[in-house]
Amino acid sequence: MANKKQKKELIIGIDLGTTNSCVSIMEGGDAKVIANQEGGRTTPSVVSIKGKERLTGTAAKRQAVTNPEKTLFSTKRFIGRKHKEVESEIKTVPYKVKPGKNGDAVFEIDGKDYTPEEISAQILTKMKETAESYLGQKVTGAVVTVPAYFNDSQRQSTKDAGKIAGLDVKRIIPEPTAAALAYGLDKGEDKKIVVYDLG
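The structure is reproduced here in structure tokens:
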């Protein structure tokens, strides 16, 4: 009986950003950011809902001017947070944000509620599809970056978004830590560097 070689599980890195997101893999010991289908290294963190159709990324951003109440952006500011905590953020967006059943912030479009986790899952799915297209195989594992200030609720909500997107989120790491790892601080060399999160 022939031994079947098991493929190593591919784990992608996703920077789930407030404005833009990107996906990377390790290739030859270095992190490689994967270009999306438009050729860009970043994808707008934007989701637009028109009836049953959902647009994600560049396509959603392109029509935001003509469909502002149904185009969700900067949704990471609401993930894992109660409605009463985000009153100042609500004033900066044209779409409707209201309290959900448990008091969390949710988005209402055409009488239907969408959680920040669902919208983040749409963006994570887009990143997953970008990686799968490049790699030519299915991806199920990911490491996702979050801002250093994210609390446990926000981290868990981000993990939940990954699960909705069909990803097993292996780790949630702070963005400054990801920057340090990308720079090579995990290589064991003695050096001093400063990581500044410009945000």
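Under our numbering, think of the first position of the sequence shown as 117, with each following residue one higher. A virtual CB, placed ideally from N, CA and C, is assigned to each residue, including glycine.
Residue i by DSSP, collapsed to three states: which one?
i    : result
Y265 : coil
G278 : helix
T134 : coil
I309 : coil
Y250 : helix
K192 : helix
R287 : strand
A147 : strand
Just how far apart, CA to CA, sit residue i and residue j?
i    : j    : result
E185 : V285 : 31 Å
N119 : G145 : Here the model assigns N119 a pLDDT of 49, short of 50, so the residue's position is not dependable and the matter cannot be decided.
T182 : K166 : 12 Å
V149 : K177 : 21 Å
K279 : A237 : 8 Å
T293 : M142 : 16 Å
N267 : A277 : 15 Å
L297 : L283 : 22 Å
Out of the options, which has the shortest C-alpha to C-alpha gap to residue i?
i    : options                : result
R197 : T256, V149, T274       : T274
R287 : K168, M142, G257       : G257
N136 : T191, Q270, A147, F223 : T191
Quick one: is the Cβ of residue i within less than 8 Å of any heavy atom of the ligand ZN?
i    : result
V255 : Among the ligands in the structure shown, none appear at all, so the ligand ZN cannot be discussed.
Would you call the CB atoms of residue i and residue j closer than 9 Å?
i    : j    : result
A180 : V162 : yes
I225 : K217 : no
Query raised in the report: Are three or more beta carbon pairs between the stretch 123-138 and the stretch 261-280 nearer than 8 Å?
Result: A contact exists between the stretch 123-138 and the stretch 261-280.
**Report entry** Touch test, the stretch 197-205 against the stretch 238-252, Cβ-Cβ under 8 Å, three pairs minimum
**Finding:** The stretch 197-205, when compared against the stretch 238-252, does not touch it at the 8 Å Cβ threshold.
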